[in-house]
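Peer 1: This is the structure, below, for whatever I ask next.
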Amino acid sequence: MARIDIDHIRHAYGPNPKAPKDYALKEVHHTFEDGGAYALLGPSGCGKTTLLNIMSGLVEPSEGRILFDGRDVTRLSTQERNIAQVFQFPVIYDTMTVYDNLAFPLRNRGVPEAEVDRKVREIIAMIDLEKWSRRKARGLTADQKQKISLGRGLVRSDVNAILFDEPLTVIDPHMKWQLRSQLKQLHRRFGYTMIYVTHDQTEALSFADKVVVMFEGETVQIGTPAELFERPRHTFVGYFIGSPGMNVMPAAIDGTSARVGSQVIALPGRPAAPSGSIELGIRPEFVRLGREGMPVTIEKIEDVGRHRIVRTRLEGRDLAAIVPEDGDIPADPRVAFDPAGINIYADSWRVDYGSAA
Amino acid sequence: MNKTWNNRAWFMVLPVLLLVAFSAVIPLMTVVNYSVQDTFGNNQFFWAGAEWFEEMLTSDRFWLAMGRNLIFSFIILVIEIPLGIFIALNMPRKGWGVPVCLVLMALPLLIPWNVVGTIWQVFGRVDIGLLGYVANALGFDYNYVNDPFDAWVTVIVMDVWHWTSLVVLLCYAGLVSIPDAYYQAAKIDGASRWAVFRYIQLPKMNRVLLIAVLLRFMDSFMIYTEPFVVTGGGPGNSTTFLSIDLVKMAIGQFDLGPAAAMSIIYFLIILLMSWIFYTVMTNYDAEK
């Protein structure tokens, strides 16, 4: 296991990149601690797979360095880096049995056969394919195949890190949950450094200790699931994480209060020197719908089971609020914002509060 | 399952039936007709029964031609299949090299067969041919007109030159259909170049390879034009393959009966071989 340093990595797929838009990855500078469970979260095309492939050595970055435990591995091949990677779509060796598929990465590295057997049996039991171990891998179902791919990633115990590239896309939801918790369990047991790429926030938040949110080739926030929820550093993180995402509305700052349209909203502190275009962000969870506060009109109510999402309009802007299943929705609805949940953004980036004066 | 029977559906297959009848069945029947009769011209036919077949199957001439043909097919398969795979593996997968290679590969396949024959016939001549003249100038005693071994070498090299491209193109099609993720996974798994070939590329190619083997076998077993143009079946009978022999017998000697019997035997052999290949390849696929 190793600590992985991403040292000012930039990557462009085309030759001679000039403008920032030529870069698939716009400069990522980050350290993945030894033994951490990370998720790279972001929409399709945000560069998360590129970053993963740069770490495993399948893609050589245009600029910057990769270090494993302080050692520069930027020019080293995938084999020399000793990384395991699981891909989005199952890759299996058709002509081999399930057992041989799992043994393949070990045998290629000259691991003694007794050790191979021990490891393979352990993994086969974990992915629940013992019955199939002597069968040819061809003709299995997609999720069985993906379990084999997953198993091949986990079978080596000496790897520097295990990288997952949306590995559960093809697996059905019930199995997904089970496999994810097995991965977590493995992580706790062996302390692998695991990096998990996904565009599914539930997957990211439930798997990782730290989530790296990426947007348009940049990392916009790195934090624990709670930090991402409570203090999104960028309005994108606010939109992308949470269901529904954060409400964001243009605002003007006046000392310790913000003005949205004609409404004045108290802030928990004085935002430090905001400039540029100012927005106020609040998650639907922090919007209180009741008989006090700012008047709104209700557009529609979505019952999602555990709670209801109320879509309202405040000062002509969309505002979502979450109301408990048994919560009361008055005829003359008004909303109040919980100050703890208000974040202020200048040009989409969050500004900190100074002292509450 | 419930199937609806409607005999009017037979009308649907009628056009195909007619087409096949006129292009294959009726000509074949005339051959059958010749094979069981004897004629001395003037459209006078005498019943000969299985006589011609017996004569054919007991004649050395037939079996020697057959033996030459099998050896020829075997040699060109042994050369063309591995060579084709090798070239396909080394062809570029992207960039400007792809169209260039594909065009170069397709060129020999586009040349009419008798032109291929003529090219090599001239190329190998010791007096004016580039190959023949240079080989002799370098001290090799090469002369496909006199020496059976040289004649064989010429015919085989010509066939390899002409047809390896087909194997290359088929294999290449198989190779480019392999998703990148397979190669990436193989890198991650630390697979050697040989392991990548053995466990990824070969399994993905085996379907097209079986087709390539089948096509090359059938074509080489029926080969006529090129050796006919280059060597005319000689020196002696050393490059007289079945089809050349058949034409000599039918057109040269005008022995229509034996020639017809031979055609039918020849046809049955090809049918049998194709059936064996087909069965083997479909079973091979199903078993996994």
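Protein sequences, first through last, are from chains S and Y.
Heads up: the first sequence runs through residues 5 to 361, numbered per my numbering.
Heads up: the second sequence runs through residues 1094 to 1381, numbered per my numbering.
Just so it is clear, CB atoms sit at the ideal spot from N, CA and C, and this is done for glycine as well.
How would you list, in chain order, the residues of chain Y whose beta-carbon sits under 7 Å from the beta-carbon of Gln89 (chain S)?
Peer 2: In chain order: Ile1281.
Peer 1: Whose C-alpha, out of Y:Pro1351, Y:Val1250, Y:Gly1327 and Y:Val1261, is nearest the C-alpha of Phe1179 (chain Y)?
Peer 2: Distances from the alpha-carbon of Phe1179 (chain Y) to those of Y:Pro1351, Y:Val1250, Y:Gly1327 and Y:Val1261 put Y:Val1261 closest.
Peer 1: Is the segment 28-38 of chain S touching the segment 209-223 of chain S in the sense that three or more CB pairs, one from each, lie closer than 8 Å?
Peer 2: Remark: three or more beta-carbon pairs, one from each stretch, lie closer than 8 Å, so the segment 209-223 of chain S and the segment 28-38 of chain S are flagged as touching.
Peer 1: Do Asn1229 (chain Y) and Val1219 (chain Y) have their CB atoms nearer than 7 Å?
Peer 2: yes
Peer 1: What residues from the segment 57-86 of chain S come within 7 Å of chain Y, judged by C-beta to C-beta, listed N to C?
Peer 2: Those residues of the segment 57-86 of chain S placed with their C-beta closer than 7 Å to a C-beta in chain Y are Ser60, Leu62, Thr82 and Gln83, ordered along the chain.
Peer 1: What separation, rounded to the nearest whole angstrom, lies between the Cα atoms of Ser1166 (chain Y) and Phe72 (chain S)?
Peer 2: 56 Å
Peer 1: For Ala324 (chain S), write down the residues that DSSP places opposite it in a beta bridge.
Peer 2: Ala324 (chain S) is bridged to S:Arg315.
Peer 1: What separation, rounded to the nearest whole angstrom, lies between the Cα atoms of Pro24 (chain S) and Gly320 (chain S)?
Peer 2: Their Cα atoms are separated by approximately 36 Å.
Peer 1: How far does the alpha helix (DSSP H) with Ser1258 (chain Y) in it extend, from its first residue to its last?
Peer 2: Pro1241 to Val1269
Peer 1: What is the DSSP secondary structure of Glu117 (chain S), counted as helix, strand or coil?
Peer 2: helix
Peer 1: Whose C-beta lies closer than 8 Å to the C-beta of Glu296 (chain S) among residues of the same chain, with five residues either side of it excluded?
Peer 2: Cβ neighbours of Glu296 (chain S) beyond the five flanking positions: Arg338 and Ala340.
Peer 1: Note down, one range per segment and in chain order, each beta strand (DSSP E) of at least 3 residues found wholly within the segment 1114-1173 of chain Y.
Peer 2: 1130-1132 and 1138-1140
Peer 1: With DSSP as the reference, label Ala165 (chain S) as helix, strand or coil.
Peer 2: In the three-state reduction of the DSSP assignment, Ala165 (chain S) falls in the strand class.
Peer 1: Quick check on DSSP: helix, strand or coil for Thr75 (chain S)?
Peer 2: The question names Thr, but residue 75 (chain S) in the sequence shown is Arg. Arg75 (chain S) falls in the strand class under three-state DSSP.
Peer 1: Report yes if the C-beta of Arg1161 (chain Y) is less than 6 Å from at least one heavy atom of the ligand MN; otherwise report no.
Peer 2: The model on display carries no ligand, and the ligand MN is accordingly not part of it.
Peer 1: What does the Cβ neighbour count give for Glu64 (chain S), buried or exposed, with the cut at 16 atoms within 10 Å?
Peer 2: exposed
Peer 1: Can you list, in chain order, the stretches of the alpha helix (DSSP H) that have 4 or more residues and sit fully within the segment 184-246 of chain S?
Peer 2: 205-211, 229-234 and 239-244
Peer 1: So is Tyr17 (chain S) buried or exposed if we call it buried at 16+ other beta carbons inside 10 Å?
Peer 2: When all chains shown are included, Tyr17 (chain S) counts as exposed.
Peer 1: Looking at the C-beta of Asp98 (chain S), does it have a partner C-beta in chain Y at a distance below 7 Å?
Peer 2: yes
Peer 1: For Pro299 (chain S) and Asp213 (chain S), I'd like the C-alpha separation in whole angstroms.
Peer 2: Near 40 Å, if we compare the C-alpha coordinates of Asp213 (chain S) and Pro299 (chain S).
Peer 1: Taking the beta strand (DSSP E) that Thr1097 (chain Y) falls in, what are its first and last residues?
Peer 2: In the DSSP assignment, Thr1097 (chain Y) falls outside any beta strand (DSSP E), carrying neither H nor E.
Peer 1: From Leu1157 (chain Y) to Asn1299 (chain Y), what distance separates their C-alpha atoms?
Peer 2: 33 Å
Peer 1: Is Val1219 (chain Y) helix, strand or coil by DSSP?
Peer 2: coil
Peer 1: Between the segment 314-330 of chain S and the segment 351-358 of chain S, do three or more beta carbon pairs fall short of 8 Å?
Peer 2: no
Peer 1: Under 8 Å between beta-carbons, which chain Y residues line up against Asn20 (chain S)? List them in chain order, please.
Peer 2: Residues of chain Y passing the Cβ test: none, with the nearest at roughly 17 Å.
Peer 1: Count Cβ pairs between the segment 1257-1275 of chain Y and the segment 1346-1363 of chain Y that sit closer than 8 Å; are there 3 or more?
Peer 2: no
Peer 1: Pick from Y:Ala1284, Y:Met1374 and Y:Gln1130: whose alpha carbon is nearest that of Asn112 (chain S)?
Peer 2: Y:Ala1284
Peer 1: For Pro1296 (chain Y) and chain S, any beta-carbon pair shorter than 7 Å?
Peer 2: So yes, Pro1296 (chain Y) belongs to the interface.
Peer 1: Secondary structure at Gln267 (chain S), three-state DSSP: helix, strand or coil?
Peer 2: In the three-state scheme derived from DSSP, where H, G and I count as helix and E and B as strand, Gln267 (chain S) is classed as strand.
Peer 1: Check whether the Cβ of Ile95 (chain S) lies closer than 7 Å to any Cβ atom in chain Y.
Peer 2: Per the sequence presented here, residue 95 (chain S) reads as Val, with Ile not at that position. Val95 (chain S) counts as touching chain Y.
Peer 1: What residues in its chain sit with their C-beta under 7 Å from that of Asp258 (chain S), if we drop five residues either side in the sequence?
Peer 2: For Asp258 (chain S), same chain residues with a beta-carbon under 7 Å away, outside a window of 5 residues either side, do not exist.
Peer 1: Along chain Y, in chain order, which residues have C-beta atoms closer than 8 Å to that of Asn112 (chain S)?
Peer 2: Asp1282, Gly1283, Ala1284, Ser1285 and Ala1288
Peer 1: Identify each residue in the segment 135-163 of chain S for which the Cβ-Cβ distance to at least one residue of chain Y is less than 7 Å, and report them in chain order.
Peer 2: Lys140, Arg142 and Arg156
Peer 1: Chain S partners of Ala1266 (chain Y), CB-CB under 8 Å?
Peer 2: By Cβ distance, chain S contributes nothing, its closest Cβ being about 18 Å from Ala1266 (chain Y), past 8 Å.
Peer 1: Report yes or no: is there a C-beta of chain S within less than 7 Å of the C-beta of Tyr1276 (chain Y)?
Peer 2: no
Peer 1: For Leu1295 (chain Y), tell me which candidate among Y:Ala1181, Y:Leu1364, Y:Trp1140 and Y:Val1129 has the shortest Cα-Cα distance.
Peer 2: Y:Ala1181
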